[in-house]
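Numbering (the working numbering), first residue to last: 105 to 268.
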């Protein structure tokens, strides 16, 4: 897979990180981040379904090495595919939108009810996930902001070259 150029607009500051792109409201719990997930040939056909996307999440974002699984596997995971929300583009067969709700665990092993909105874009044998989320209690107040951020996503493969 070739490197990708990824752009999105967020009202929050970019966090200095070696693990990827993340913006966060430092006064709240809202964040937006990018995760790239490899998919196999079978998943290329199934990732847009509820069970297929749940499988993708359980091996990435919700896994022990993922953002929300570091302190234990999240429970009560609910995946809901959504109609595409892109305002500027026609329906795109290489992308899908999802609402995800689950309960994750904090470092102190307290339960935290979370809700995410995810825009997934298939690029070759990878899924680029732009993930916007907060606590379930705050989600409805942030939903319009999250949609605006997710709608700003642009993904472009870098030009192929023989330079090394």
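Positions of the beta carbon are idealized from the N, C-alpha and C atoms, including for glycine.
Keep in mind it's a predicted model, so treat the numbers as computed, not measured.
Does the beta carbon of residue 166 sit closer than 8 Å to a beta carbon anywhere in chain C? Although the question refers to chain C, the structure presented lacks it and comprises just one protein chain.
Which residues in the same chain have their Cβ closer than 6 Å to the Cβ of residue 136, if we skip the five residues on either side of it in sequence? 114, 127, 236 and 253
Close Cβ partners of residue 176 (< 7 Å) along its chain, the five nearest in sequence each way excluded: 209
Helix, strand or coil, according to DSSP, for residue 184 in the structure here? strand
What residue range does the alpha helix (DSSP H) around residue 156 cover? 154-162
Nearest to residue 211 (by Cα), restricted to the options 174, 224, 148 and 238: 174
Would you list the residues sitting across from residue 222 in a DSSP beta bridge? 202 and 235
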